[in-house]
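Q:
Following this line, the structure appears as structure tokens:
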């Protein structure tokens, strides 16, 4: 066996071990995070009446969560780069679990807003932190599958959310607590326990991993070094990367994508409730609501593997973004319940497929120095879109009695994302290319 063959074999073993150990644990953390972030959609089936909230007020709970998240993202990623993921990711997990459980104490709109803001602060930095963490462990050409496995937790949680949350809402009145209070309490506790376990389980860097052999560490380090010259950092300072046209177009791309995910997480239980027969139970609503993310769970691994195999990112984002926009328009314009459900399924399935590829593209286009802040900046920009969308959708729902206008806005924002990605493509291919031109002096 030649030296290069030995290195390749050791690299393959190391990548497999990283997938089995780190990616699977991060996947589990992401499920807990997504449940704690989005369970308010199901809680709203009872909570809106219990707390006296109209649709716009309920939508604002997503906005105030996003404000807290945005404020925490960049400081959080800077801290993670300094203290390491072994300490920082569990800290995030424990605090968001406690904040999520505390949502059971909401007594009205203002207290709910305060608790959602705290939850956003607690969770802020988790997504960009994991994107940064995976970029330290895996070379770019393996990363789409790892990123999509992490992102896969969101549609998995959307499948689990109705299956778990529906029965929890049925606990209404047990020990004098409302069903939505039980939902927040029992779904927040697992995050705390997993965060405590994370302190003992995670490893900061490959060179510190006792579960990798010396040959596997060397092969992984060599693979990481080989990929660095391909990136388009051009030796420029991180500040100039932050102000480059490439960064601005990447941020604009992600501004549109979370609008779809926030729209689904916030309003899909109420949209589905209008599609099923009147008087259907919460469990029935939950089962129908699980159809769309179940398809996403099937599509995402295949699509990310295809992107890794072809080593192409931009068009693997554009295609699902276009299909997701079609899905929202079908849902908004059709009068047939089955067709509307098909549109909802297409929209959320394709939006998730695009998200995993997008963050692989981002990490591959930024230099190692710019990644901690750059990833957080792009993620925070997307959260601005996610923050603005739910109350706007709620406003038009109150005004017109229909979700159609809000859904058309979601479709329009995806078209903006496609335009921005086409600009990224013009700046160079997804694995490198010409130096990013700066718009800063």
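Numbering (the working numbering), first residue to last: 31 to 471. C-beta atoms are modelled at their ideal positions from N, C-alpha and C, and glycine is treated no differently. This one's a predicted model, so the numbers in the text were calculated from it and none came from an experiment.
#1: Residue 415 and residue 285: beta carbons closer than 8 Å?
#2: Do the CB positions of residue 325 and residue 195 come within less than 8 Å of each other?
#3: Consult DSSP for residue 364 and reduce its assignment to one of helix, strand or coil.
#4: At a cut of 8 Å, does the segment 87-105 reach the segment 406-413 through at least three beta carbon pairs?
#5: Below 8 Å, can you find three or more Cβ-Cβ pairs linking the segment 426-444 to the segment 176-195?
#6: At what residue ranges does the segment 404-440 contain a whole run of the beta strand (DSSP E), taking only runs of 3 or more?
#7: With DSSP as the reference, please indicate the residues paired to residue 53 in a beta bridge.
#8: For a minimum of 4 consecutive residues, which ranges assigned as the alpha helix (DSSP H) are wholly contained in the segment 67-143?
#9: Is it true that the CB of residue 446 sits closer than 8 Å to the CB of residue 436?
#10: What whole-angstrom Cβ distance do residue 119 and residue 228 have, given they're in contact under 8 Å?
#11: At a cut of 8 Å, does the segment 76-84 reach the segment 128-145 through at least three beta carbon pairs?
#12: With a cut-off of 8 Å, does the C-beta of residue 323 fall near any C-beta of chain C?
#13: For residue 221, does the three-state DSSP call read helix, strand or coil?
#14: Along the alpha helix (DSSP H) that carries residue 191, what are the first and last residues, could you check?
#15: Do the segment 329-348 and the segment 206-214 touch if we need at least three Cβ pairs shorter than 8 Å?
#16: Where does residue 155 sit, in a helix, a strand or coil, going by DSSP?
#17: Mind checking whether residue 175 and residue 335 have CB atoms under 8 Å apart?
#18: Considering residue 340, what are the terminal residues of the alpha helix (DSSP H) in which it resides?
A: The answer reads as follows:
#1: yes
#2: no
#3: coil
#4: yes
#5: no
#6: none
#7: Note: residue 53 sits in no beta bridge, so no partner.
#8: 70-81, 85-113, 115-131
#9: no
#10: 6 Å
#11: yes
#12: In summary, chain C is missing from the structure at hand, where a single protein chain is found.
#13: helix
#14: 173-199
#15: no
#16: coil
#17: yes
#18: 321-340
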